[in-house]
Amino acid sequence: SEMSLTAILSVIDGGDDKGAEKLLQKYNIEVKSQDLLTVLRRSDHPLCQSTCLETLRILSRDKRVLGPVATKEGILTLAGLARILVAGHDGETLEEAQSAEEERVVVEALKCLCNVVFNSVPAQQVGADVKLAEGLCARLHSVSSSHHEVGLFSLRLLFLLSALRTDVRGMLQKEAGAVRLLTDILERTLDVLWVGPYEAAPPKPEALPISLENNELAMEALKALFNITMSDSSDEDNDHQLRLIAGIMRHLLMLKTHTEAKTEEAHSHTINLLSNLPVRCLDVLIDIPVQGGMEEYGGKNMDVVQILLDFMEKRIDKGTNYKEGLTPVLSLMTESSRYHREIRRYLKTQVLPPLKDVKERPEIGCTVRNKLVRLMTHIDMAVKQGAAEFLFVLCKESVDNLLKYTGYGNAAGLLMARGLLAGGRGETQYSSDEDSDTEEYKSAKPFINPITGHIEHPMPNPMDEMTEEQKEYEAQKLVSMIDELSRKELIRPMGVMKDGTLAPLGEAIHECSPPPSSDSDSD
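In the UniProt record's numbering, the protein residues as written are 1 to 523.
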């Protein structure tokens with residue numbers, strides 16, 4: 001039977017809220033979103049409102065229903081119920097929800113807004129127009145930790161708005177003080193206790209893991225902060241704030257959480273956020289004066305660098321989803337090694353210890369080096385480049401040094417991309433503490449195959465058995481096969497130019513051959 005809105009409205013107007021709630025629950029399915037908004041504007045009874053909102057939230061997963069809700073009027077209605085002050089509410093102040101029922105209305109309205117904003121571009125536009133994100137920031141300043149879900153869904157809505165609208169991201173970064181706000185939320189939820197400008201006290205051994213509620217809030221705050229710090233933050237005035245974030249991220253990497261999966265999720269979000277910070281601000285990760293560090297790395301503390309390395313190795317071992325799961329940590333370690341000498345030295349020692357055993361190919365085995373060398377020939381370009389670039393930086397961008405650890409075959413892709421096929425170094429300047437080779441490596445070096453990077457057992461030479469005529473015949477056959485393949489453009493013979501880049505063989509030969517001499521009787 002077609003549900004009549006007037007029936008519900010008259011029940012609401014008659015003051016029978018329980019009756020109205022029952023009617024709504026009964027006709028949940030048939031009610032149109034337009035009708036729900038009308039009911040929401042008319043009723044001021046929390047139970048009726050939350051039933052309406054629940055209905056709307058379920059309906060708002062359906063894109064066809066979204067029309068009337070994704071309007072200015074619809075968003076303002078929901079924002080009012082969520083007690084968010086937005087442009088277009090006439091300066092009224094919205095006080096905190098008092099009762100549990102009232103709080104449920106706020107939470108349901110926030111969940112509705114999350115769904116509607118996620119599913120509808122017009123709603124995202126209205127959200128930007130009425131300054132919904134600024135309203136959320138104001139709300140987050142004052143929300144007390146006793147209203148967990150209010151805080152949680154306010155953060156989630158802020159995350160969605162900042163993920164979907166670049167203009168909202170920029171505004172949050174510049175005007176709304178959102179970076180500061182989210183940093184404060186992280187400090188509070190992660191129990192940060194500062195003992196130095198950017199150094200947090202290490203968690204006590206007997207400390208319990210952070211509560212699940214706080215962990216949930218911290219993850220939402222991290223994701224929102226990631227969006228807001230994505231745009232360029234090159235102005236140095238900001239460094240203090242960004243170093244604080246790096247200090248909190250260090251603290252988070254050192255924390256215990258309830259489960260292995262939760263720890264991995266926290267580490268993953270942390271790495272993404274650290275990747276947004278200017279690399280100069282990452283000194284905070286290893287400068288831990290109060291706690292101290294390792295003598296051999298100039299007193300710097302390498303605990304977190306080791307945690308990043310362990311995370312990376314775990315992600316490699318997982319064997320799936322390398323692009324999202326592995327490339328962020330690889331690039332974070334590469335950039336920090338490029339910029340911070342002690343980080344590079346520490347990682348070099350862990351990942352590329354002095355070579356002793358060169359009987360196996362570099363890609364065979366279960367050390368971190370073997371795993372990374374295997375990735376150098378991975379099918380996905382970003383993964384392949386990420387692994388190669390990381391090892392290259394650990395070798396101070398010296399081609400000879402890299403080849404020692406990887407073999408030419410594994411490194412060819414990187415060298416080609418960087419125009420270093422002829423050897424040499426990358427652009428970055430590194431300090432001159434040279435790597436010394438082990439005795440084992442020095443004695444094996446003459447026998448190492450440079451292409452594979454290991455000692456190969458001598459293979460019998462197939463040409464030993466051939467007569468000169470057979471050799472000539474095989475050579476001719478090879479030439480004509482190559483010729484045919486290149487004419488059909490199935491292969492393109494290439495040569496290395498003087499500058500270390502690849503070019504079609506004709507050009508490469510032309511470049512290397514001496515210019516024709518004008519003096520005709522020269523030999």
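For glycine and all other residues, C-beta sits at the position ideal for the given N, C-alpha and C.
Given the structure is predicted, the values throughout are model-derived calculations rather than measurements.
Can you give me the Cβ contacts of Lys-323 inside the same chain, cut-off strictly under 7 Å, excluding the 5 residues immediately before and after it? Here the set comprises Asp-380, Ala-382, Val-383.
With Gly-325 as the anchor, note down where its alpha helix (DSSP H) starts and where it stops. Segment 322–325, the alpha helix (DSSP H) holding Gly-325.
Could you check where the beta strand (DSSP E) with Gly-495 kicks off and where it finishes? Membership of Gly-495 in the beta strand (DSSP E) is indicated by the continuous run 494–496.
Let's test the definition: count the other Cβ atoms within 10 Å of the Cβ of Cys-137 and tell me whether it reaches 16, buried, or not, exposed. So Cys-137 counts as buried.
Going along the chain, which residues of its own chain have a beta-carbon closer than 8 Å to the beta-carbon of Tyr-339, five neighbours each way excluded? Result list for Tyr-339: Val-279, Arg-280, Leu-282, in chain order.
Start and end of the beta strand (DSSP E) containing Pro-504? Pro-504 -> beta strand (DSSP E) spans 502–504.
Whether or not the region 123–137 and the region 73–85 are in contact is what I'm after, with contact meaning three or more pairs of Cβ atoms, one per stretch, closer than 8 Å; do they touch? Taking 8 Å as the limit for Cβ pairs, the verdict is that the region 123–137 does touch the region 73–85.
If you draw a straight line from the C-alpha of Gln-173 to the C-alpha of Leu-222, how long is it? If I take the Cα positions, the gap works out to 14 Å.
Tell me the DSSP bridge mates of His-454? Per DSSP, Asn-449.
In angstroms, rounded to a whole number, what distance separates the CA positions of Ile-509 and Leu-421? Rounded to the nearest angstrom, the gap between the Cα atoms of Ile-509 and Leu-421 is 16 Å.
Since Glu-374 sits in a beta bridge, which residues does DSSP pair it with? The sequence given here places Arg at residue 374; Glu does not occur at that position. None, per the DSSP bridge assignment.
Can you tell me which residues form a DSSP beta bridge with Ala-200? Paired residue(s): Trp-194.
Go through its chain and collect everything with a Cβ distance to residue 524's Cβ below 7 Å, but skip five positions before and after it. With the chain covering 1 to 523 only, the question about residue 524 has no answer from this structure.
On the DSSP bridge list, what partners appear for residue 527? In this structure the chain extends from 1 to 523, so residue 527 is not present and cannot be described.
Kindly indicate which residue of Thr-77, Thr-38, Lys-356 has the alpha-carbon position closest to the one of residue 531. This structure gives no information on residue 531, because the portion of the chain shown stretches from 1 to 523.
Which stretch, first to last residue, makes up the alpha helix (DSSP H) that contains Gln-125? For Gln-125, the uninterrupted alpha helix (DSSP H) run begins and ends at 121–129, by DSSP.
Endpoints, alpha helix (DSSP H) assigned at His-240: Counting along the chain, the unbroken alpha helix (DSSP H) around His-240 starts and ends at 239–254.
Got a sec, what are the start and stop residues for the alpha helix (DSSP H) Gln-291 sits in? Judged by DSSP secondary structure, Gln-291 falls outside any alpha helix (DSSP H); it is assigned neither H nor E.
Nearest-angstrom Cα distance between Leu-155 and Asn-276? Taken atom to atom, the span from the alpha-carbon of Leu-155 to that of Asn-276 is near 19 Å.
Could I get the ranges of all uninterrupted alpha helix (DSSP H) runs contained in the region 337–418, with 4 residues as the minimum, in chain order? Qualifying alpha helix (DSSP H) stretches, in chain order: 341–351, 368–375, 381–394, 399–406, 408–417.
Between which residues of its own chain and Ile-29 is the CB-CB distance below 7 Å, once the five residues before and five after are set aside? Summary for Ile-29: the model assigns pLDDT 46, below 50, so the residue's position carries little reliability; its value from the coordinates is reported in the next sentence. Answer for Ile-29: no residue qualifies.
Gly-91, buried or exposed, once every other Cβ within 10 Å from all chains shown has been counted against 16: The predicted position of Gly-91 is uncertain, since its pLDDT is 48 and thus under 50; no value can be drawn from it.
Just the Cα atoms here: how many angstroms apart are Ser-331 and Phe-390? If you draw a straight line from the Cα of Ser-331 to the Cα of Phe-390, it is about 7 Å long.
Taking the alpha carbon of Ser-120 as the reference point, which residue from Val-150, His-148, Arg-165 has its own alpha carbon closest? For Ser-120, the closest C-alpha among the options Val-150, His-148, Arg-165 is that of Arg-165.
List the endpoints of the continuous alpha helix (DSSP H) containing Thr-428. Run containing Thr-428: none; DSSP gives neither H nor E here.
What are the uninterrupted segments assigned as alpha helix (DSSP H) that are 4 or more residues long and contained completely in the region 129–165, given in chain order? As far as the region 129–165 is concerned, its whole alpha helix (DSSP H) runs of at least 4 residues are 132–142, 148–164.
Using beta-carbon positions only, say whether Ile-455 and Lys-359 come within less than 8 Å of one another. With respect to Lys-359, Ile-455 sits close: the two C-beta atoms are nearer than 8 Å.
Between which two residues does the alpha helix (DSSP H) carrying Arg-188 extend? Arg-188: member of the alpha helix (DSSP H) spanning 178–189, first to last residue.
Glu-199 to Met-219 span [Cα, whole Å]: C-alpha separation (whole angstroms): 21 Å.
How would you write the range of the alpha helix (DSSP H) that Asn-215 sits in, first residue to last? Per DSSP, Asn-215 belongs to the alpha helix (DSSP H) from 212–228.
Residue range of the alpha helix (DSSP H) that includes Met-312: Looking at the DSSP string, the run of the alpha helix (DSSP H) that includes Met-312 is 303–318.
Using the DSSP secondary-structure output, state which residues sit across from Lys-300 in a beta bridge. Looking at the DSSP assignment, Lys-300 forms a beta bridge with Met-294.
Whose C-beta lies closer than 8 Å to the C-beta of Gly-386 among residues of the same chain, with five residues either side of it excluded? Answer for Gly-386: Leu-326, Thr-327, Leu-330, Ser-331, Thr-334, Leu-375, listed in chain order.
Helix, strand or coil: how does DSSP classify Gly-80 here? Here Gly-80 carries a helix assignment [DSSP, helix/strand/coil].
Could you give the DSSP three-state label for Ser-60: helix, strand or coil? Note: Ser-60 maps to coil in three-state DSSP.
What is the rounded straight-line gap between the Cα of Asn-410 and the Cα of Glu-187? Rounded to the nearest angstrom, the two C-alpha atoms are 44 Å apart.
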